[in-house]
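Asker: Residue 104 in the working numbering sits at position 21 of the sequence shown, with consecutive numbering throughout. Every residue, glycine too, gets a C-beta built ideally from N, C-alpha and C. Every value quoted in this text rests on a predicted model; they were computed, and no experiment measured them. Have a look at the structure that comes next, please.
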Amino acid sequence: MQTSRMIKIIEVCLIIVLLTTVIASFYILFEINNNLR
Numbered sequence: 084m085q086t087s088r089m090i091k092i093i094e095v096c097l098i099i100v101l102l103t104t105v106i107a108s109f110y111i112l113f114e115i116n117n118n119l120r
């Protein structure tokens with residue numbers, strides 16, 4: 084029980100980190116495009 088729960092928590096943390104990195108990269112690209120114009 085404990086190990087499966089830990090794996091679930093780790094999976095959720097990894098998904099959150101991936102989402103935040105993707106959103107941050109898109110935001111940085113958007114800012115660079117605005118600065119170039």
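If I measure Cβ to Cβ from Ile106 and keep anything under 8 angstroms in the same chain, skipping five residues before and after, which residues do I get?
Answerer: Taking the first residue of the sequence shown as 1, we reach residue 106 at position 23. Cβ neighbours of Ile106 beyond the five flanking positions: none.
Asker: State the Cα-Cα distance for the pair Arg88 and Leu97, rounded to the nearest angstrom.
Answerer: Locating residue 88 in the sequence shown gives position 5, counting from the first residue. Locating residue 97 in the sequence shown gives position 14, counting from the first residue. So the two alpha carbons sit approximately 14 angstroms from each other.
Asker: Once DSSP output is grouped into helix, strand and coil, what is the label at Arg88?
Answerer: Looking up residue 88 in the sequence shown gives position 5. It is helical.
Asker: Nearest-angstrom Cα distance between Ile111 and Asn118?
Answerer: Position 28 of the sequence shown, counting from 1, holds the residue named residue 111. Position 35 of the sequence shown, counting from 1, holds the residue named residue 118. One C-alpha to the other measures close to 11 angstroms.
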